[in-house]
Amino acid sequence: MSSAAVIPPGGTWFDTMKKSFADVPIDTANDNGIATTEFLEAAESLTTLFDVLGSKAFLPVKSDLLGNIKKLNDRQLAAPAESETLQQLVLNELKTKKHTATEGLLWLVRGLDFTAQSLRHNIDNSSSELSTSFREAYGSTLKPHHSMFIKPIFSAAMSATPYRKDFYAKLGTDPAQVNAALEREVAALEKVVTILKSFQERKEAKW
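In our numbering, each residue's number is its place in the sequence shown (first place is 1) plus 1.
This is the structure in structure tokens:
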């Protein structure tokens, strides 16, 4: 894994993100369209959180997310005018009878949902260790969709999380600042995930 990003003085780890989910444009007037470029930048930025967790056991988790980000990026590059929002990207790709990026988004949303639920559980349960939060979130997001071969790999990652106090210390020196930044990012991520899950339930978004 790459080394964790250097936190600026007086800041938190979240200041090292290239793009925050809080800064991803959502076009509420047009089907809650989520801007593709900013979303992919934010998703890629968030994968570096698994570097902070510090175990090689998280490599498959991070690799899975990055692989799905690439599928969406490839489709956007191939048809930029039809991919300004994620919803447009999916609907236009499905018109071509292909679903590589659409399937990539499905799995990416599951991965982001897992990340959001893990962090939300940990925020809301101040005495919970990360392993508990991650394991619980895995059970309700990714695990039902994983094969018997993949489950042990991800389960190993859930057990490899650092102690809560060590993880939060890596996010910044001021606990109040860290908690505020974490809450902001998770709330923004949850909003995006909710919009995308709702969209993916629609008949026209399926293949």
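Where is the CB? At the ideal position from N, CA and C, for every residue including glycine.
Residue i burial status per 10 Å Cβ neighbour count (16 or more: buried)
i	result
Tyr209	No statement about residue 209 is possible, as the shown extent of the chain runs from 2 to 208 and does not include it.
Thr101	exposed
Trp182	Checking the sequence, you will find Ala at residue 182 rather than Trp. Label assigned to Ala182: buried.
Arg111	buried
Arg76	buried
Trp14	buried
Lys207	exposed
Check whether residue i and residue j have beta carbons under 8 Å apart
i	j	result
Leu109	Leu66	yes
Leu113	Ile70	no
Arg1	Ala44	Given a span of 2 to 208 for the chain in the structure shown, any question on residue 1 remains unanswerable.
8 Å CB neighbourhood of residue i in its chain, flanking five on each side removed
i	result
Glu205	Leu92, Leu95
Residue from the options whose Cα sits closest to the Cα of residue i
i	options	result
Glu191	Gln118, Ile27, Phe59, Ser46	Gln118
Val53	Lys144, Leu78, Thr17, Lys99	Thr17
Met159	Asp32, Thr103, Leu131	Leu131
Val7	Ile196, Thr174, Lys98	Thr174
Lys166	Ala188, Leu73, Asn180, Thr86	Asn180
Arg201	Lys19, Gly12, Gly11, Asp32	Just to set this straight, residue 201 is Gln in the shown sequence, not Arg. Checking every option, the nearest Cα to that of Gln201 belongs to Asp32.
Glu137	Leu90, Phe155, Ser148, Lys171	Phe155
Neighbourhood of residue i by C-beta, 7 Å cutoff - its chain only, sequence neighbours within 5 removed
i	result
Ala80	Asn93
* Asked: Enumerated in chain order, which unbroken segments of the alpha helix (DSSP H) with a length of 4 residues or greater are wholly contained in the stretch 46-101?
  -> 50-54, 60-79, 87-96
* **Contained alpha helix (DSSP H) runs [length at least 4] in the stretch 139-172, N- to C-terminal order** => 152-160, 165-172
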